[in-house]
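> Before I ask anything, here is the structure I am working with.
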Amino acid sequence: MITCSLRYIIDPYKLKEFEHYGKSWIPLVEKYGGQHHGYFLPSEGASNVALALFSFPSLATYETYRARSLDDPECQAAFQYAEDTRCIISYERSFFRPVFGD
Numbered sequence: 001m002i003t004c005s006l007r008y009i010i011d012p013y014k015l016k017e018f019e020h021y022g023k024s025w026i027p028l029v030e031k032y033g034g035q036h037h038g039y040f041l042p043s044e045g046a047s048n049v050a051l052a053l054f055s056f057p058s059l060a061t062y063e064t065y066r067a068r069s070l071d072d073p074e075c076q077a078a079f080q081y082a083e084d085t086r087c088i089i090s091y092e093r094s095f096f097r098p099v100f101g102d
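What follows is the structure, given as structure tokens:
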């Protein structure tokens, strides 16, 4: 399993728009075999940092999702919404593998 962590720098005055964007991606990740763990919005501390976490069975499965998302009309609409609203300033993508107890 591989977990993708997205760290967003968002416009704090467009939190509602970013929340809409996040909610649109949850079913799209799941549509392509991922498990979405949610979006995490600012509460205390920095008002312009948000996170998202989702997992795929493997990096290859994730890469298939990324390739297919480029041709998926719903994914393209989500990308366009973020661009139109400018709710995302920047983001970083990192990958992690879980470690479980014995």
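If you're matching positions, the sequence shown starts at 1 in UniProt numbering and goes up one per residue.
A virtual CB, placed ideally from N, CA and C, is assigned to each residue, including glycine.
The structure presented is a predicted model; accordingly, all values stated were derived computationally and were not measured.
1) Using three-state DSSP, classify G34 as helix, strand or coil.
2) Straight-line CA distance for T61 to M1?
3) Can you check whether the CB of I26 is closer than 8 Å to the CB of C87?
4) For E30, which residues in the same chain have their Cβ closer than 7 Å to its Cβ, ignoring the five residues on either side in sequence?
5) Residues in its own chain within less than 7 Å of G22 by CB, not counting five upstream and five downstream?
6) Counting only the same chain and skipping the five closest in sequence on each side, list residues whose C-beta sits under 8 Å from that of Y59.
7) Is F96 close to chain B? Criterion is C-beta to C-beta, closer than 8 Å.
8) Going by DSSP, what residue range makes up the beta strand (DSSP E) through Y8?
9) With distances taken from CA atoms, which of D102, I89, F100, Y32 is nearest K14?
Let me spell this out:
1) Secondary structure at G34: coil, using DSSP grouped into helix, strand and coil.
2) 10 Å
3) Their beta carbons are not under 8 Å apart, which means C87 does not touch I26 by this criterion.
4) H36
5) Y39, A52
6) Checking the displayed sequence, the identity of residue 59 turns out to be Leu instead of Tyr. Within the same chain, L59 has close Cβ partners I2, F95.
7) No chain B appears in the structure shown, which is made up of a single protein chain.
8) 2-10
9) I89
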